[in-house]
Amino acid sequence: MRKTYNRVDDITGSVIHVQAEGVRYRELAQITSRRGSSLGQVIGLREQNVAIQVFAGSRGIATDAEVRFLGHPMRVPFSHALLGRTFNGSMIPRDKGPELRDNLVDIAGPSVNPVKRIIPRHMVRTGIPMIDVFNSLVESQKLPIFARAGEPYNPLLARLALQAEVDVIILGGMGLKHDDYLFFRDTLDESGALSRSVLFIHTASDPVVECLLIPDLSLAVAEQFALQGKRVLVLLSDMTNFADALKEIAITMEQIPSNRGYPGDLYSQLAARYEKAVDFDTAGSITILAVTTMPGDDVTHPVPDNTGYITEGQLYLRGGRIEPFGSLSRLKQNVNGRTRADHRTIMNTMIQLYASFRETLEKQAMGFRLTPWDRKLLKYGDRFEKEMMDLTVNIPLEGALDLGWTILSDCFDPVETGAPSAIVEQFWPKKA
Amino acid sequence: MNVATGKISSVNGNLIRVNFDGAVGQNEVGYARVDDTPLMSEVVRVHGRQADLQVFEDTAGLAVGNTVTFTGRLLSVQLGPGLLGQIYDGLQNPLPRLAEKCGFFLQRGAYIEALDPRALWAFTPTAHPGDCLTAGDTLGTVPEGLFTHRIMVPFDFPGVATVVSMVPPGSYPAGGTVATLRPERGTERDVTMIQTWPVKIPIKAYAERLRPTETLVTKIRTIDTFFPVARGGTYCIPGPFGAGKTVLQQLTSRHAEVDVVVIAACGERAGEVVETLREFPALTDPRTGRSLMERTVIICNTSSMPVAAREASVYTGATLAEYYRQMGLHVLLLADSTSRWAQALREMSGRLEEIPGEEAFPAYLESVIASFYERGGMVRLKDGSTGSVTIGGTVSPAGGNFDEPVTQATLKVVGAFHGLSRARSDARRYPAIDPLDSWSKYPSIIPGDAVDAARQTLRAGHEIGQMMKVVGEEGVTPEEFVTYLKGEYVDNSYLQQDAFHEVDSATGADRQRHVFGVLHLFLKAPLQFPNHEAARRFFHQLTQMTRDWNRQVLNTPEFKEAQHALETMIEESTPDA
Ligand SMILES: Nc1ncnc2c1ncn2[C@@H]1O[C@H](COP(=O)(O)OP(=O)(O)OP(=O)(O)O)[C@@H](O)[C@H]1O
Ligand SMILES: [Mg+2]
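Protein chains in written order, with our numbering: chain A, 2 to 433; chain B, 80 to 656.
Rendered as C-alpha cells:
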C-alpha cells in the first residue's frame, strides 16, 4: 500500500503542492477531497516539495485533501472492447458501459524511430475537389483545419471521417460543445461507423485542464491499433483548447511566456502529439485530422502558427469553403504524380488562374476599366467557385479533373493557361 | 580519472539539479539513473556543490535522490571512416542499429557506438617512423566509398608528434592501433582510425582561413544567378511555414556541387527525413555515378525527439562537416531548422530562470548563433590543399515575421539571405525566394552587369505592377506596361523552377549561363505592341514557350528547337529587326 499524504501546502490554479518522499516525475496521484476525487500528475519536484497538476482543477480542494501517489504514469487500457465506447479525459466512461482496466499501456510513449517509417504513398479519396485535386490527403498525414469559430469545421471533419476508408476512427474532443459531441456521435452511429470508433470527449463544461490528456489518450490507443496493422484516423477538435490548457498551467507555474502568454515549449508540446501520425514499416498507420480555431481569424496567432510549422499542410475553411490560397497538402506530391497524367497540371494551372481572378476582383472593386483578359478571368473565377470550391460538390477525382478541363476550355485559349503544351494536346477538350 | 557522483535534488522538465561530490566541469556529460537506465545529460550550470544538468531524454520516472554519475568528458562525437551514409540521432546514435535493437520505437537510455570498432578498413600508411607531425597531419589513408579518407594525427594532440611506429599496409579494424606517436612531453600514445572530439569546439587543425569566393553551384536558378552561395560561405533561408524551406534544402542536398553533404534535421518533421533516407540510396549522384547516400550523413533529431538533443544535433553536424573538410573536401551542412534549436535554448534558459531577452529568448542567443555560423569557412590545410564547410540554415520565424530575434541574429552573420515570401508561395511561385528582398555577398555564376540589368527589370516591373493597382492598367504607358510584363516574364520563366520536374528541378551552371544569355538579349530588345492586350498575349505565349524549353534536356534536338522557336518569336516582335 502506498503512502498517503494529508497536507496540501499550496493551491494555485489547478496546481497543488505537497511534501512527499520517493515521488517520481510525471507519476499519477489520486487527490480526494470533500468534493470528490480526481487524478493529477506530478509536474515538478524540488527536494520534498511536489507539484501536482490536478486534472479536475483545484476548485473545492482543501488543505486536508488526501493525496495518494500511484507509482505509475498515466495509462490507458487497450483492447478491442474500446470500440464503440466513449470516455472522458480521465478515462472514465461517459456512456453506460463498464470501466476498462486490462492491458494497460503508457500514454505519451516514445517516438517512432524514423528509420521504421515509410514514405506515405496512399491517397485518401474524399470526393471533395478542393482536397482531392488541389490538396490530396495522404494516409498518415497530419493535417489541421484552420478556421474561425463558427465555421462548419466539425461537419467537415465528420464528413472526411466517413468518406475516408479507414479501419478505426478515434475522436478526441477538447472543449467540444455538447451539441457537437452529440452531432459526432449520432453521425458516426447513423452511418454504422460507431462500432469501429472510440471517443474521448472533453466538453466545454468540463474542467479546462482535463482536456490535456485527450490527445495523448487518443493517440496511444491509435498507436496500439496501428501496431496491429490497422489504418487509424484520429480526429482532434479543437487543438486550440488544448493549447489554452497548456497556457493556463504555464501561467500557474509562473513560467516566462514566449508569445501572448503561451509557454516557450508550445511547439514541442504540439509536435509531440502530431508526430504520432505515422506510416509504419510492416504495420498500420495513423492519420491525424485536427481542428485549430484561429482566435481573431489570425493565422499568426501562436497556436495556428506553431501548428502550421508542425503539420503537413493545412486546410483553411473560410466562408464555408476550403480556401485555395494558404491551403496546402505537403504530401500531395507523393500521390498526385500517379493518379492521372493531367492531375498536377490542372492543380497548378487552375490555382494560378484563380489567383489572377482575385487580382481582377480587386481591380473591379477599385473601379478600373476591365480588359478582355479580365473578363475571361471573371467568368473563370465564378465557375471555379461554384463548381469546384463549393463544399456540397461531391465527385471523384477523375470527374473533377475532367470538369477542370471543361471550365478551362470554356473560358480560355490553351496558351493563356500556361499549361505545358504536351498535356494540353492530350487533354484539352476538342470542340465539336 | 576521478569522476564525480551526485544525487538529484530537483526535477523540472528536462532540467535536473544535482548535489555532487568531486569536481564537475561545465558541459561535462553525466548519466542520471532511472531504475537501471542511464539517461545522458549535460552540465549547463554549476554553483557551489550543485550542478544543473539538461537531460537528453524524457525525464519521466526520475525521483529526488536518484544517482547521477559524471564522466569527466565533454559531449563528444566519434570521427573516423564509416560516417558517410549513416543516419544518426543528435547524439550520434546510429538509428538503423537502434531499430534492430529496440524495434519501432526509440528507447530512452539505449546508446550504441557511432562507429563499429571491429569494421575492417584497408589502411595505407603515408607517414613514416621518425616523421615529425602536428594535429591534423595525415598518418595514412583508407578508401571510404568515393573518397580517400585521411587518418590524421588526433586534433587534440599537443605540439609536435614524432611517429614512433606505423603498421604496414593492410586491413585493420577501425578501433585497432595503426600508429604510435610520441609527444614532446609525456607518454607515447597509440592512435586508431577513430578519434573523438567535443562537438561544441571547432576543429582548427588547418593553416589558415580563406575568404569564400568560389560560387557553390546549387542548380537552383534564383540562387546561383541572383543570390549565390559560396563554398565556405554561410546563408540562411527564413520563411513562414509551408513557404518551401525544406524543399529548397532537399533540392540542394541532392544537386549541390560539393563532395559531402551533412543534413542536420533539427526539431522538424520525421517524415521529411524519411523521404531523404528512403530515396537517397536509390538516387545516383550525376557527378560521380554513385548513390547519393554515399556522400551524405543524416543527423536526425526530429520534433518529437528529446528537445535538449536538438542543440547537440547541429553541433554534431558541424563537427562531422569539419572532419571531412580536414581531408580537403568541400562539405555542405544543411540545418533545418535553426529556430527549433534556438527554442530549445529558450526552454532551457526559462527553466534556469535566466533573465529573458526579447520573446523570452536568452540574452546570449546572438553570440550562440554567430559562433555556429563561424564554423563555416574555406580553409587551407597544412598540406596546401583546401577544404570548406558551407552552412545553410533555415529559420522559422513566429508568424512569418522576420523582425524577430532568431532571424535578426542570423542575418547579422550570414553571407547570403534567401527570404521566402508568403505571397509568392500562396501564388505557387516556387521557389518562393523573394527576388527584391533577398541578398548575397558572394559572386554569381553570371557577370554582375547582366544580373543587375535583370534585377532592374524585376524591380521596375514590380513598381509598375504596384502602380497599376492604384491607377489601373490604362494609367500606365505602353512602354511601362511592357516593362511590367518583362519583369513578370523573368519571374515566370527563370526564377520559378519546378521542384518536382526531373529536368527543370536542377539547372546546371552552363545551362543557366546559356538560358540567361538568351533572356538578357531579350530584356534589352525594344518591343512594341499595338495595345496592352496584344502585349499580354505575346508574353503569355513567350512564357509558355520558355517553360517548355526549361523542361527539355540540355542540347537535345528538342531543346534546340524550342530555343529556335523562342528566338524567332522575339525577333519578329522587335521593330527594327
Ligand atoms: N520549389 C517548389 N516547387 C513546388 N512545390 C513546392 C516548392 N517548394 C515548396 N513547395 C510546396 O510547399 C510545401 C511546403 O514546403 P516546405 O515543406 O519546404 O515548407 P517549409 O518552409 O519547410 O515549411 P515549415 O517551416 O513548416 O517546415 C511542399 O510540400 C510543396 O507542396
Ligand atoms: Mg520545413
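Virtual Cβ for every residue (Gly too), placed ideally from N, Cα, C. Given the structure is predicted, the values throughout are model-derived calculations rather than measurements.
Limits of the unbroken beta strand (DSSP E) element including residue i
i, result
"B/K180", "Run containing B/K180: none in the beta strand (DSSP E); it sits in the alpha helix (DSSP H), 174-181."
"B/F305", "That residue, B/F305, is in no beta strand (DSSP E); it is neither H nor E in DSSP."
"B/G254", "No beta strand (DSSP E) holds B/G254; DSSP gives it neither H nor E."
"B/P277", "274-277"
"A/G174", "169-177"
"A/P130", "A/P130 -> not in any beta strand (DSSP E); alpha helix (DSSP H) instead, spanning 130-133."
"B/E354", "It is not in any beta strand (DSSP E) - B/E354 instead sits in the alpha helix (DSSP H) that spans 349-358."
"B/R112", "107-113"
"B/G265", "Careful: B/G265 lies outside any beta strand (DSSP E) and carries neither H nor E."
"A/L1", "Any question about residue 1 of chain A goes unanswered here, given that chain A covers just 2 to 433."
DSSP-derived helix/strand/coil call for residue i
i, result
"A/Q365", "helix"
"B/A656", "Any answer about B/A656 is weak, because its pLDDT of 43 lies below 50 and its placement is not dependable; what the coordinates show is given next. Three-state DSSP puts B/A656 in coil, outside helix and strand."
"B/K86", "strand"
"B/N93", "coil"
"A/G14", "coil"
"A/D187", "helix"
"A/D299", "coil"
"A/S80", "coil"
"A/G45", "strand"
"A/E22", "coil"
"B/Y285", "coil"
"B/Y698", "The shown model of chain B, from 80 to 656, leaves out residue 698 of chain B, and the question about it has no answer."
"B/P247", "coil"
"A/G72", "coil"
"A/R274", "helix"
"A/E67", "strand"
"B/F617", "helix"
"B/H643", "helix"
"B/A400", "helix"
"B/E581", "coil"
Beta-bridge partners of residue i, as assigned by DSSP
i, result
"A/F147", "A/T293, A/Y317"
"A/R232", "A/S286"
"A/V279", "A/I287"
"A/M254", "The partner list for A/M254 (beta bridge, DSSP) is empty, contrary to what the question assumes."
"B/E223", "B/F226"
"B/A343", "B/I378, B/A414"
"B/Q129", "B/N98, B/H126"
"B/E390", "DSSP output for B/E390 lists no bridge partner at all."
"B/Y521", "Looking at the DSSP assignment, B/Y521 forms no beta bridge with any residue, so it has no partner."
"B/T635", "In DSSP, B/T635 forms no bridge with anything."
"B/H409", "B/S467"
"A/Q54", "A/V16, A/Q42"
Boundaries (first-last residue) of the alpha helix (DSSP H) holding residue i
i, result
"A/P415", "415-418"
"B/T297", "Counting along the chain, B/T297 falls outside any alpha helix (DSSP H), and DSSP gives it neither H nor E."
"A/P122", "According to the sequence provided, residue 122 of chain A is Arg. The question's Pro does not apply to it. Element bounds for A/R122: n/a, residue is neither H nor E."
"B/L537", "527-550"
"A/W429", "Premise fails: A/W429 is in no alpha helix (DSSP H) and is neither H nor E."
"B/G472", "Here B/G472 belongs to no alpha helix (DSSP H); instead the beta strand (DSSP E) covers 465-474."
"B/R290", "Element bounds for B/R290: n/a, residue is neither H nor E."
Nearest-angstrom Cβ-Cβ length linking residue i and residue j, presumed shorter than 8 Å
i, j, result
"B/Y251", "B/L218", "Actually they are not in contact, since the Cβ atoms of B/Y251 and B/L218 sit about 12 Å apart, beyond 8 Å."
"B/A258", "B/P160", "Going by Cβ atoms, the distance from B/A258 to B/P160 rounds to 15 Å, so no, they are not a contact pair."
"B/A604", "B/T653", "5 Å"
"B/E351", "B/A344", "7 Å"
"B/F440", "B/P484", "5 Å"
"B/A387", "B/A423", "6 Å"
"B/A449", "B/V492", "5 Å"
"B/T381", "A/E276", "7 Å"
"B/T304", "B/Q591", "6 Å"
### Query
Of all residues in the structure, which have a C-beta closer than 5 Å to any heavy atom of ligand 2, taken in chain order?
B/K324, B/T325
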